[in-house]
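Novice:
What follows is the structure, given as structure tokens:
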């Protein structure tokens with residue numbers, strides 16, 4: 001188990017480094033001049049050159065990258081071109097919102113998926129199963145942001161249960177303003193998770209060892225628990241991938257609900273050509289994905305010892 | 001049997017049997033899905049014929065009108081007919097969606113086949129690249145790429161070309177690994193057939209089915225992404241009708257004209273439903289019994 | 001075979017199972033009856049598709065979704081088993097257990113084997129966790145697994161095929177049954193391991209006075225373990241009796257065919273003769289005696305009447321055959 005974890009950790013580091021390089025290359029290949037964005041169209045060439053020199057944009061790509069890595073090592077994520085504040089403080093201010101959104105969305109997703117999938121699997125081919133399957137198929141085509149707008153329409157504007165957007169000022173309002181966005185995000189991934197878990201459970205139900213479990217004289221509920229444990233594992237991996245997708249979709253959802261998280265920071269920074277911010281936020285989000293994937297791998301290996309052999 | 005006979009025997013490519021079409025017809029999901037998508041595609045193709053107005057025709061005296069005899073589904077904030085925009089939106093979004101996956105499909109399949117068939121260092125390198133790309137949250141990557149290239153259709157194509165090929169690569173690689181160990185591939189290799197020939201006639205026909213099934217659900221995701229980009233203002237640019245930008249424009253009028261934002265979304269859902277049904281149906285039909 | 005002997009533990013009467021193919025139900029097991037006394041092993045032999053596995057699963061109420069028990073009654077030590085699935089399972093606890101063909105898929109891949117055995121005393125008999133574990137180790141020793149306390153922590157994929165099958169047997173024994181149903185448990189094992197498992201089963205049979213029903217397509221295996229045998233073809237019993245007698249003086253052409261189809265070590269020169277034709281599909285069963293298209297004794301009558309399993313003249317009461325031409329098989 002330890003060896004497996006170590007291997008996964010090494011792979012995660014490698015991917016993280018690859019992500020850093022990729023982000024850097026991506027941005028520096030971008031057309032458009034950040035100096036011009038800041039100084040405006042009428043700026044003189046000398047002013048533009050001076051600003052570019054100040055930002056270090058005129059040195060070679062290699063040295064810029066080395067400088068960036070050096071900064072990373074010291075916890076310095078650079079300074080925003082636009083705001084002149086440190087990127088790390090910008091990120092620190094907003095990471096809480098995004099993290100809370102992702103966490104709550106994951107919780108919602110699990111709470112909805114597990115009972116729904118078992119319900120359908122146990123009543124396979126009956127009316128309830130068909131309904132769940134139809135909803136799953138339909139749900140995949142739902143644009144999450146549109147669903148969010150519908151939720152706003154119904155629950156915030158018609159029934160004033162939740163705020164239309166924004167973050168609120170106290171913990172209570174924080175949570176309330178997270179409910180609709182988290183639900184929106186959860187619904188984006190629930191259909192695919194339900195499909196996977198349902199199929200997994202049905203397959204396991206037909207497996208021979210279920211016959212053994214039943215012939216042991218165990219009650220049906222215990223049999224279900226064992227089936228669930230086996231069926232959960234492939235879906236767990238899928239959950240990891242989907243949480244990663246979730247992290248990305250916060251960009252869109254924060255726009256719909258007017259939340260002040262990393263996603264909206266990214267959108268703004270991109271439109272302003274704010275290199276350091278875009279670079280660092282992308283990096284942070286991607287590292288988040290790497291961490292989530294690493295955790296799901298390790299948990300899955302803990303649950304299913306056969307994985308450790310890979 | 002001479003060696004020529006053996007080669008010829010081994011060389012016989014798998015042909016879709018007549019039962020494929022019969023099974024296809026028997027699959028209810030497939031039939032319903034094809035019907036839905038077929039109708040939508042038909043409407044999109046016939047857009048100039050069936051839409052009552054041009055989608056760009058503004059009528060500033062009749063903005064934000066509700067349902068009326070002149071405008072079946074109302075008008076938007078620039079007086080443009082909502083129904084016509086919906087139909088033309090289908091045209092744009094579906095066309096862009098389908099075209100956007102062509103490159104990922106081909107490139108991903110090629111990479112996955114090479115990685116799976118040759119294994120070793122090539123496989124490691126390709127899979128490492130795949131891992132790095134997958135680590136980027138999808139929307140983050142797509143949005144970043146759209147800005148690298150610039151918004152609009154070109155940006156969309158480039159973004160998906162880079163972000164989307166990886167899932168095909170992974171799926172095809174797994175399928176190829178399985179096929180590589182099979183007896184008929186071993187026989188073909190022993191028979192001295194060239195790699196290219198083996199790949200073309202023995203490996204690909206058996207792995208491509210998985211890619212096709214996956215492509216169906218991928219199209220749904222891509223269309224949703226195209227619509228999402230439109231919502232963010234990064235996708236298809238105005239004044240071209242696009243469901244995403246229609247939803248975005250309508251969000252300001254939720255209390256008065258909720259249809260402006262809701263109808264395009266429903267259109268996306270129905271399209272997605274049809275495509276998913278096709279994907280499910282195909283998966284059932286292509287699954288080896 | 002209607003009278004039931006005093007020490008009969010398992011009594012099966014007219015069990016009929018149907019299977020759904022497409023939209024039609026076909027009979028896969030047709031009025032099968034047999035008795036098994038305590039401490040005896042009964043073999044159920046036939047080709048794949050003869051319905052022998054379905055028969056066992058019907059007894060345990062473990063039929064696959066497409067199959068259904070249409071008729072029949074099962075008595076355990078005199079008590080009739082109820083019909084509903086839930087009631088049967090409750091009634092079977094601790095009385096009848098089953099072991100399966102592929103031990104790897106019969107075991108939960110994510111649980112240690114010790115836990116899988118211990119779950120029975122813990123959940124079904126209400127013992128404490130420690131007691132259950134000790135019982136599990138004890139059972140592992142009983143089935144001949146060396147170094148039992150350590151092996152109990154292993155996962156199924158870490159054990160060899162033979163050991164896995166022993167674990168499956170241990171699980172079955174944990175319910176303290178009086179009847180053990182075996183669905184081809186040795187088919188997936190190497191020959192040498194096969195012999196060990198059969199020896200174990202034989203040992204348990206006599207030590208615990210277990211009634212065993214052993215399903216297999218392999219006559220050699222049946223001969224090793226079972227004193228009595230029933231031969232099945234297309235869901236019907238075609239011959240029954242003491243194994244030695246059935247194998248040496250078969251009273252049904254199908255049994256004869258099975259014997260001719262295997263290599264006889266006593267007569268290595270004689271070539272094995274496969275039975276002509278092939279096992280008919282469920283949807284296309286021949287009329288009359290279902291074996292007639294492949295039978296060298298078949299006459300006009302065989303195509304029209306379905307022969308009943310009837311006792312042989314002048315032999316033990318459980319010696320029976322379903323062939324109307326059986327006399328022609330008795331060598332003078």
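Chains as they are written, first to last, in this note's numbering: chain P, 1 to 310; chain E, 1 to 289; chain X, 1 to 332.
We put the beta carbon where it would ideally sit given N, CA and C, even for glycine.
Name, in chain order, the residues that DSSP records as bridge partners for residue 13 of chain X.
Specialist: Paired residues: X:73.
Novice: Say whether chain X places a C-beta atom closer than 9 Å to the C-beta of residue 234 of chain P.
Specialist: Taking Cβ atoms only, chain X never reaches closer than 9 Å to residue 234 of chain P, which makes this a no.
Novice: On the criterion of 16 or more Cβ atoms from any shown chain inside 10 Å, does residue 1 of chain E qualify as buried, or is it exposed?
Specialist: Low local confidence applies: a pLDDT of 41 at residue 1 of chain E is under 50, so the model's placement there is unreliable, and no value is given.
Novice: Going by beta-carbon coordinates alone, are residue 227 of chain E and residue 146 of chain P separated by less than 9 Å?
Specialist: Closer than 9 Å, so yes.
Novice: Kindly say whether residue 214 of chain E, judged by its beta-carbon, lies nearer than 9 Å to any beta-carbon of chain P.
Specialist: For residue 214 of chain E, the answer is no, since every Cβ of chain P falls outside 9 Å of its Cβ.
Novice: Going along the chain, which residues of the region 145-158 of chain P sit with their C-beta nearer than 8 Å to a C-beta in chain E?
Specialist: Here the close residues are 145, 146, 147, 149, 150, 152, 153, 157.
Novice: What in chain C is Cβ-close to residue 304 of chain P, meaning under 8 Å?
Specialist: Looking for chain C here will not work: the only protein chains present are P, E and X.
Novice: For the alpha helix (DSSP H) that residue 201 of chain X lies in, which residues bound it at each end?
Specialist: Per DSSP, residue 201 of chain X belongs to the alpha helix (DSSP H) from 191-208.
Novice: CB-CB under 6 Å to residue 304 of chain P, same chain, minus the five flanking residues each way: which ones, in chain order?
Specialist: Same-chain partners within the cutoff: 233.
Novice: How would you write the range of the beta strand (DSSP E) that residue 216 of chain X sits in, first residue to last?
Specialist: Unbroken beta strand (DSSP E) run through residue 216 of chain X: 211-216.
Novice: Which of the residues in the region 221-255 of chain P, read from start to end, lie with their CB under 7 Å from any CB of chain E?
Specialist: Correct list: 244, 245, 247, 248, 249, 251, 252, 255.
Novice: Hey, how far is the Cα of residue 191 of chain P from the Cα of residue 136 of chain P?
Specialist: Distance between the alpha carbons of residue 191 of chain P and residue 136 of chain P is about 4 Å.
Novice: Quick one: is residue 32 of chain X near chain P, going by C-beta distance under 9 Å?
Specialist: No, its Cβ sits nowhere closer than 9 Å to a Cβ of chain P.
Novice: Using a beta-carbon distance below 9 Å, is residue 280 of chain E in contact with chain P?
Specialist: For residue 280 of chain E, the answer is yes, since a Cβ of chain P falls inside 9 Å of its Cβ.
Novice: Return the chain-ordered list of same chain residues with a C-beta closer than 6 Å to the C-beta of residue 256 of chain P, the five sequence neighbours on each side being excluded.
Specialist: Excluding residues within five positions, the ones whose Cβ falls inside 6 Å are 145, 148.
Novice: What residues in the region 256-290 of chain P bring their beta carbon closer than 7 Å to a beta carbon of chain X?
Specialist: Those would be none; no residue qualifies.
Novice: Decide if residue 310 of chain X is buried, meaning its Cβ has at least 16 other Cβ atoms within 10 Å, or exposed.
Specialist: Classification of residue 310 of chain X: exposed, given that the 10 Å Cβ count is below 16.
Novice: Closest Cβ-Cβ distance between residue 131 of chain E and chain P: below 9 Å?
Specialist: Yes, residue 131 of chain E counts as interfacial toward chain P.
Novice: By the criterion of Cβ-Cβ separation under 7 Å, what are the contact partners of residue 140 of chain P in chain E?
Specialist: Per Cβ cutoff of 7 Å: 217, 220, 272, 276.
Novice: DSSP three-state label for residue 233 of chain E, please.
Specialist: In this structure, residue 233 of chain E counts as coil in the three-state DSSP scheme.
Novice: Under 9 Å between C-beta atoms, does residue 295 of chain P make it to chain E?
Specialist: With 9 Å as the cut-off, residue 295 of chain P does not count as an interface residue toward chain E.
Novice: Pull out every residue of the region 17-28 of chain P whose Cβ sits closer than 7 Å to any Cβ of chain E, in chain order.
Specialist: Against chain E - using a Cβ distance shorter than 7 Å - the residues of the region 17-28 of chain P are 18, 19, 22, 26.
Novice: Would you kindly work out how many angstroms separate the C-alpha atoms of residue 12 of chain E and residue 193 of chain E, rounded to a whole number?
Specialist: Note that residue 12 of chain E scores a pLDDT of 46, beneath 50, so its modelled location is shaky; the value from the coordinates is reported in the next line. Rounded to whole angstroms, residue 12 of chain E to residue 193 of chain E spans 13 Å at the Cα level.
Novice: Alpha carbon to alpha carbon, what distance is there between residue 153 of chain E and residue 230 of chain P?
Specialist: Those two C-alpha atoms are separated by around 44 Å.
Novice: Find the nearest neighbour of residue 196 of chain P within the set P:10, P:103, P:240, P:290, judged by alpha-carbon distance.
Specialist: Closest option to residue 196 of chain P, Cα to Cα, is P:240.
Novice: With DSSP run on the structure shown, which of helix, strand or coil describes residue 36 of chain X?
Specialist: Residue state, collapsed to three classes: strand.
Novice: Would you mind working out which of E:51, E:82, E:39 sits nearest residue 59 of chain E, comparing C-alpha positions?
Specialist: When only C-alpha atoms are compared, the closest one is E:82.
Novice: Residue 156 of chain E: buried (16+ other C-beta within 10 angstroms of its C-beta) or exposed?
Specialist: Burial call: buried.
Novice: Using a C-beta to C-beta distance shorter than 9 Å, which residues of chain P count as neighbours of residue 102 of chain X?
Specialist: Per Cβ cutoff of 9 Å: 208.
Novice: Residue 107 of chain E CB to nearest chain P CB: under 9 Å?
Specialist: Answer no: the Cβ-Cβ gap between residue 107 of chain E and chain P never drops below 9 Å.
Novice: Give, in chain order, every unbroken run of the beta strand (DSSP E) that is at least 3 residues long and sits entirely within the region 229-289 of chain X.
Specialist: 236-242, all fully within the region 229-289 of chain X.
Novice: Are there any heavy atoms of the ligand COA lying less than 8 Å away from the beta-carbon of residue 192 of chain X, as far as the coordinates show?
Specialist: By its list of ligands, the structure shown contains no ligand whatsoever, and the ligand COA lies outside what it can speak to.
Novice: For residue 252 of chain E, which of P:152, P:108, P:298, P:246 has the nearest alpha-carbon?
Specialist: The candidate whose alpha carbon is nearest that of residue 252 of chain E is P:152.
Novice: The beta strand (DSSP E) with residue 51 of chain X in it runs from where to where?
Specialist: First-last for residue 51 of chain X: undefined, no H or E at that position.
Novice: CB-CB under 8 Å to residue 181 of chain P, same chain, minus the five flanking residues each way: which ones, in chain order?
Specialist: Counting only Cβ-Cβ distances below 8 Å, and skipping sequence neighbours, we find 101, 105, 148, 253, 254, 256, 257, 259.
Novice: Between the alpha carbons of residue 167 of chain X and residue 90 of chain P, how many angstroms are there, rounded?
Specialist: Near 60 Å, if we compare the C-alpha coordinates of residue 90 of chain P and residue 167 of chain X.
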